[in-house]
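> Numbering (my numbering), first residue to last: 1 to 560.
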């Protein structure tokens with residue numbers, strides 16, 4: 001029986017099947033609507049850096065054939081073959097998407113699904129329907145993503161702008177119709193980036209030569225019939241504009257003309273300018289200022305400097321051009337100005353929100369965003385940790401009850417929490433500490449309550465006692481989280497993760513978390529003879545960790 005997924009659910013591929021040769025089928029229909037189903041191969045930054053890994057009806061396979069478009073078969077609207085062990089290392093995510101070809105909205109679709117089949121057996125299925133969407137014209141259905149191992153996530157995130165918004169989300173550009181097309185030439189993908197598909201409704205015409213309008217053969221659903229082999233790959237697409245080197249400044253003057261020869265040095269102050277040998281007299285009217293030039297002084301006319309060439313600095317008896325400080329160069333862009341442009345938008349571009357289809361998204365090292373609409377589970381967060389939210393979100397007090405307060409006060413593991421529910425996005429942070437989302441897949445982790453920022457309400461948590469005779473300050477307990485969901489751990493500075501060995505000791509005030517399977521005991525360095533002398537090392541109480549290979553501890557460069 002296949003494992004049923006809901007939007008926001010994730011799982012390791014190895015937990016679903018031991019195979020790496022997978023069949024991915026998508027079923028999506030609506031009366032009178034046509035859909036284009038594609039697969040985006042994204043890099044570590046979730047960008048389409050190589051357009052050869054945009055697999056769609058006009059490019060049915062990747063270069064090494066690790067991703068292949070198979071067509072409609074076995075009741076699926078579209079299907080793919082994915083061979084995980086053949087995917088190149090630069091590809092970290094495969095995003096399966098569906099876009100509308102023509103008018104319509106995703107709210108009109110009927111019940112559909114994305115399923116994974118391995119060895120002829122269906123192992124996973126994500127079911128969806130039109131009630132989950134509204135005016136969207138494109139939707140990300142599911143992802144295969146690499147996080148230590150390959151995993152699957154049911155996404156179900158829509159885009160109102162259709163394919164254009166989908167491409168921009170993945171870092172692509174949509175071809176703009178800047179130049180008019182030939183009168184009898186139908187719109188094709190010529191001149192567009194390799195990953196931009198042609199106009200929907202007819203296959204792309206690979207030949208760029210103009211030809212009279214001839215009736216084209218009818219499209220066959222952008223896929224071969226069931227049982228047929230995929231069509232051969234079309235000719236190599238035009239190089240992507242993102243792969244071309246960035247030119248900081250023009251290498252030739254505008255218009256393609258030659259660079260004019262440098263002008264002679266300006267004449268001394270009070271003398272008429274001298275004409276070069278063999279040239280006629282200079283024009284009486286002054287030349288208009290060129291690129292990066294200043295107009296000459298009214299009382300000292302002189303030939304303007306060449307394109308991009310600064311004038312010679314004034315010497316003895318010479319004056320600089322009007323309005324210019326001596327020794328200053330007259331470029332059009334100030335020295336030290338950013339090459340990427342000026343203005344507020346360019347200055348804030350590096351701080352823009354990180355888009356993704358995941359439930360938890362880290363915006364930077366100290367800020368995280370949770371999408372409450374994905375997964376449908378509320379989130380418990382530290383009171384006062386919300387810095388921004390979007391949508392319809394409700395915040396309510398999460399009490400621990402009388403028994404919980406007693407236990408929290410007695411153990412030092414009391415958490416002041418709030419419940420976040422609704423349909424929206426919440427941004428969380430706390431005192432500029434570093435945040436680390438940890439995804440649990442049925443396993444458990446021990447974290448001090450002081451280091452917990454937020455977690456999914458689906459996780460189970462309880463106070464766990466540390467074995468030992470006693471630690472000064474009452475640090476005898478910790479919190480244990482277990483289940484399926486995400487917990488956000490905060491640290492002061494960048495932590496270090498170490499494997500547990502029989503000789504692993506950690507300061508109880510610096511350790512943040514450890515695997516729940518580890519055995520923790522108190523190790524005291526107090527000795528009577530040592531205490532007979534004045535002074536203290538400050539390291540009298542430590543925690544000793546023991547466990548099988550695979551256990552770990554997390555330590556921060558800070559003592560609470």
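Backbone N, C-alpha and C define an ideal beta-carbon position, used for all residues, glycine too.
Assuming the contact rule is C-beta atoms closer than 8 Å, residue 112 and residue 128 should be a hit. Round their C-beta distance to whole Å, please.
6 Å
> Which residue's Cα is closest to the Cα of residue 515: 381, 547, 359?
547
> Tell me which residue opens and which closes the beta strand (DSSP E) that residue 504 is part of.
504-507
> Look up residue 392 in the DSSP assignment and give the residues it is bridged to.
Under DSSP, residue 392 shares a beta bridge with 423.
> Measure how close the beta-carbons of residue 41 and residue 94 come, nearest whole angstrom, since I'm counting them as under 8 Å.
6 Å
> Find the nearest neighbour of residue 517 within the set 356, 45, 552, judged by alpha-carbon distance.
Comparing Cα-Cα distances from residue 517 to each of 356, 45, 552, the minimum goes to 552.
> Ignoring anything shorter than 4 residues or poking outside the segment 10-42, list the alpha helix (DSSP H) runs there in chain order.
13-16
> For residue 464, which of 167, 505, 493, 414 has the nearest alpha-carbon?
Ranking 167, 505, 493, 414 by CA distance to the CA of residue 464 puts 414 first.
> What is the DSSP secondary structure of residue 399, counted as helix, strand or coil?
Residue 399 falls in the coil class under three-state DSSP.
> At a cut of 8 Å, does the segment 158-165 reach the segment 15-31 through at least three beta carbon pairs?
no
> Do residue 488 and residue 449 count as a contact pair if the criterion is CB distance below 8 Å?
no
> Starting from residue 488, follow the alpha helix (DSSP H) in both directions and report where the run begins and ends.
Residue 488 -> not in any alpha helix (DSSP H); beta strand (DSSP E) instead, spanning 477-491.
> Let me make sure I understand the geometry here. Which of 495, 49, 543, 500 has the alpha-carbon closest to that of residue 478?
543
> On the CB-based measure, 16 or more other CB atoms within 10 Å of its CB, does residue 10 come out buried or exposed?
buried
> Taking all protein chains shown into account, do 16 or more other C-beta atoms lie within 10 angstroms of the C-beta of residue 388, making it buried, or fewer, making it exposed?
Result: exposed.
> Kindly list the residues whose CB is nearer than 7 Å to the CB of residue 76, restricted to its own chain and excluding five residues on each side of it in sequence; keep chain order.
25, 26, 27
> Helix, strand or coil, according to DSSP, for residue 283 in the structure here?
Residue placement at residue 283 is flagged as unreliable, the pLDDT there being 49, under the threshold of 50; a coordinate-derived value is accordingly withheld.
> Using 10 angstroms around the beta-carbon of residue 12, count the other beta-carbons present and answer buried if the total reaches 16, otherwise exposed.
exposed
> Can you grab the Cα-Cα spacing for the pair residue 365 / residue 71, in whole Å?
42 Å
> In chain order, what residues of the same chain lie with their CB nearer than 6 Å to the CB of residue 394, ignoring the 5 residues before and after it?
Closer than 6 Å at the Cβ level, and outside the excluded window around residue 394, lie 421, 422.
> Quick one, which of 101, 115, 102 has its alpha-carbon nearest residue 82's?
115
> Who are the Cβ neighbours of residue 15 in its own chain at under 6 Å, not counting the five residues just before and after it?
none
> What number of angstroms, rounded off, separates the C-alpha of residue 494 from the C-alpha of residue 436?
10 Å
> Check each candidate in 513, 506, 425 and name the one with the smallest Cα separation from residue 438.
513
> Taking 7 Å as the limit between beta carbons, can you name the residues of its chain near residue 151, skipping five residues before and five after?
The answer, listed in chain order, is 10, 11, 12, 13, 145.
> Please state if the CB of residue 80 and the CB of residue 67 are separated by a distance shorter than 8 Å.
It is a contact, given that the beta carbons lie within the stated cut-off.
> Report yes if the C-beta distance between residue 444 and residue 416 is below 8 Å; otherwise report no.
no
> Between residue 521 and residue 432, what straight-line distance do the alpha-carbon atoms span, to the nearest angstrom?
32 Å
> From this set, 460, 370, 126, which residue's C-alpha is nearest residue 4's C-alpha?
126
> Nearest to residue 390 by CA position, among 397, 383, 381, 371, is which residue?
371
> Indicate whether residue 7 and residue 110 have their beta-carbon atoms separated by less than 8 Å.
Contact: no.
> Can you tell me whether DSSP reads residue 548 as helix, strand or coil?
When DSSP states are grouped into helix, strand and coil, residue 548 belongs to the coil group.
> Opposite residue 122 in the DSSP bridges: which residues?
117
> State the CB to CB distance for the pair residue 36 and residue 101, rounded to an integer number of angstroms; the pair is presumed to be in contact (CB under 8 Å).
At roughly 5 Å, the Cβ-Cβ gap stays under 8 Å, so residue 36 and residue 101 are in contact.
> Measure the alpha-carbon distance for residue 554 versus residue 361 and round it to whole angstroms.
Taking the straight line from one Cα to the other gives about 21 Å.
> Does residue 560 come out as helix, strand or coil in the three-state DSSP assignment?
The three-state reading of DSSP puts residue 560 in coil, since its state is none of H, G, I, E or B.
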